[in-house]
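S.K.: One structure, as structure tokens, below. Some questions next.
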Amino acid sequence: GNSVTQMEGPVTLSEEAFLTINCTYTATGYPSLFWYVQYPGEGLQLLLKATKADDKGSNKGFEATYRKETTSFHLEKGSVQVSDSAVYFCALMNRDDKIIFGKGTRLHILP
Amino acid sequence: DGGITQSPKYLFRKEGQNVTLSCEQNLNHDAMYWYRQDPGQGLRLIYYSQIVNDFQKGDIAEGYSVSREKKESFPLTVTSAQKNPTAFYLCASRHGNQPQHFGDGTRLSIL
Numbered sequence: 001g002n003s004v005t006q007m008e009g010p011v012t013l014s015e016e017a018f019l020t021i022n023c024t025y026t027a028t029g030y031p032s033l034f035w036y037v038q039y040p041g042e043g044l045q046l047l048l049k050a051t052k053a054d055d056k057g058s059n060k061g062f063e064a065t066y067r068k069e070t071t072s073f074h075l076e077k078g079s080v081q082v083s084d085s086a087v088y089f090c091a092l093m094n095r096d097d098k099i100i101f102g103k104g105t106r107l108h109i110l111p
Numbered sequence: 112d113g114g115i116t117q118s119p120k121y122l123f124r125k126e127g128q129n130v131t132l133s134c135e136q137n138l139n140h141d142a143m144y145w146y147r148q149d150p151g152q153g154l155r156l157i158y159y160s161q162i163v164n165d166f167q168k169g170d171i172a173e174g175y176s177v178s179r180e181k182k183e184s185f186p187l188t189v190t191s192a193q194k195n196p197t198a199f200y201l202c203a204s205r206h207g208n209q210p211q212h213f214g215d216g217t218r219l220s221i222l
């Protein structure tokens, strides 16, 4: 079946550090892939998406590339800020239109 | 601005009571969803509706009920049969195969 695995948190970094949050998936066919962000006490917001192999999604300095050969969609940012502290969810949507979420990775950025 | 409104933000339930969580959207989306979020477990799908007057069980529907009498509204009732209802509940909607939009959630606690 379809599944999403992302690195366990919490991840703690200093401001301006480089960020990588790993995400791998298992799916039949060619799913669409997403990263969502959840700030404290709020719902999820779509951060970026990619719909086919080798697509790169980007937003607010975050990037992720759809790698079919490694079934991965790792989230990266070159220089994180304290305001990036949140929980990040990787997700996939397959042809049946159901969305499968990873368990989330909590990110703490220290000033 | 279009969006999804969940109310109330915080809700308390006594043992043996049913409570209803509200979800309203003005995005003209056909599909709506209810998720439950517990710490370290990501999002789990409770119920979803792809069209008015129709809905399907998700992965953890036991102890919950929904209705979809209007396109813009998808209330969730947490019944007394749900033995562990304390959680953060998220409502989402979607148009076609686009990513889901989320509300800001309702936190339910047991007195």
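Which chain is which? The protein sequence lines are P and C, in order.
Throughout the first sequence, residue numbering follows the working numbering, covering 1 to 111 in sequence.
Throughout the second sequence, residue numbering follows the working numbering, covering 112 to 222 in sequence.
Idealized CB from N, CA, C, for every residue including glycine.
Kindly list the residues whose CB is nearer than 6 Å to the CB of GLY9 (chain P), restricted to its own chain and excluding five residues on each side of it in sequence; keep chain order.
M.R.: On the first sequence, residue 9 (chain P) is found 9 positions in, with the first residue counted as 1. Excluding residues within five positions, the ones whose Cβ falls inside 6 Å are THR105 and ARG106.
S.K.: Which same chain residues, not among the five before or five after PHE34 (chain P), have their C-beta less than 6 Å away from its C-beta?
M.R.: Stepping through the first sequence from its first residue, residue 34 (chain P) is reached at position 34. Once the five neighbours on either side are set aside, the close Cβ partners of PHE34 (chain P) are LYS49 and ALA91.
S.K.: Are the CB atoms of SER32 (chain P) and THR12 (chain P) nearer to each other than 8 Å?
M.R.: What you label residue 32 (chain P) is simply residue 32 of the first sequence in a count that begins at 1. What you label residue 12 (chain P) is simply residue 12 of the first sequence in a count that begins at 1. No, the pair does not count as a contact, with Cβ atoms beyond the cut-off.
S.K.: Is GLU42 (chain P) close to chain C? Criterion is C-beta to C-beta, closer than 8 Å.
M.R.: Here residue 42 (chain P) refers to the residue found at position 42 when the first sequence is read from its first residue. Residue contact with chain C for GLU42 (chain P): present (Cβ-Cβ distance below 8 Å to some residue of chain C).
S.K.: Note the first and the last residue of the continuous beta strand (DSSP E) segment covering LYS103 (chain P).
M.R.: Here residue 103 (chain P) is taken as the residue at index 103 of the first sequence, counted from 1. Premise fails: LYS103 (chain P) is in no beta strand (DSSP E) and is neither H nor E.
S.K.: Can you check whether the CB of SER184 (chain C) is closer than 8 Å to the CB of LEU138 (chain C)?
M.R.: The residue given as residue 138 (chain C) occupies position 27 in the second sequence. The residue given as residue 184 (chain C) occupies position 73 in the second sequence. No. Outside cutoff.
S.K.: Does any residue of chain P have a CB that is nearer than 8 Å to the CB of ASN208 (chain C)?
M.R.: Walking along the second sequence from the start, residue 208 (chain C) turns up at place 97. Output row for ASN208 (chain C): interface = yes.
S.K.: Rank P:LEU110, P:LYS60, P:ALA86 and P:ALA53 by C-alpha distance to the C-alpha of ARG67 (chain P) and give the top, closest one.
M.R.: Here the question's residue 67 (chain P) lines up with position 67 in the first sequence. Nearest option by C-alpha distance: P:ALA53.
S.K.: Does the beta carbon of LEU107 (chain P) sit closer than 8 Å to a beta carbon anywhere in chain C?
M.R.: Here residue 107 (chain P) is taken as the residue at index 107 of the first sequence, counted from 1. LEU107 (chain P) does not count as touching chain C.
S.K.: Might you give, ordered along the chain, the residues of its own chain that have their beta carbon closer than 6 Å to the beta carbon of THR190 (chain C), omitting 5 neighbours on each side?
M.R.: In the second sequence, residue 190 (chain C) corresponds to position 79, counting from 1. ASN129 and GLY174, listed in sequence order.
S.K.: Residues in its own chain within less than 7 Å of LEU201 (chain C) by CB, not counting five upstream and five downstream?
M.R.: Counted from its first residue, the second sequence places residue 201 (chain C) at position 90. Within the same chain, LEU201 (chain C) has close Cβ partners TYR146, GLN148, LEU154, PHE213, GLY214 and GLY216.
S.K.: Quickly, what does DSSP pair ILE162 (chain C) with across the bridge? List them, please.
M.R.: Counted from its first residue, the second sequence places residue 162 (chain C) at position 51. Beta-bridge pairing by DSSP links ILE162 (chain C) to C:ASP165.
S.K.: Which of helix, strand or coil does DSSP assign to SER158 (chain P)?
M.R.: Look at the range of chain P in this structure, 1 to 111, and you will see that residue 158 (chain P) is not part of it.
S.K.: Could you name the residues of chain C that PHE153 (chain P) contacts, counting a contact when the two beta carbons are closer than 9 Å?
M.R.: The structure shown does not extend to residue 153 (chain P), since chain P spans only 1 to 111, so no value can be given for it.
S.K.: Considering only C-alpha positions, which residue in the set C:TYR121, C:SER160, C:LEU156 and C:ASN164 is nearest to HIS206 (chain C)?
M.R.: In the second sequence, counting from the first residue as 1, residue 206 (chain C) sits at position 95. With respect to the C-alpha of HIS206 (chain C), the residue from C:TYR121, C:SER160, C:LEU156 and C:ASN164 having the closest C-alpha is C:SER160.
S.K.: Report all residues from its chain with a CB closer than 6 Å to the CB of LEU132 (chain C); omit the five preceding and five following residues, and keep chain order.
M.R.: If you number the second sequence from 1, residue 132 (chain C) lands on position 21. So the qualifying residues of the chain are LEU187, TYR200 and THR217.
S.K.: DSSP on SER79 (chain P), reduced to helix/strand/coil?
M.R.: In the first sequence, counting from the first residue as 1, residue 79 (chain P) sits at position 79. Coil.
S.K.: Give me the chain P residues within the contact set of PHE213 (chain C), using Cβ-Cβ distance strictly less than 9 Å, ordered along the chain.
M.R.: The residue you call residue 213 (chain C) lines up with position 102 of the second sequence. Under the 9 Å cutoff, chain P gives TYR36, GLN38, GLU42, GLY43, LEU44, GLN45 and LEU46.
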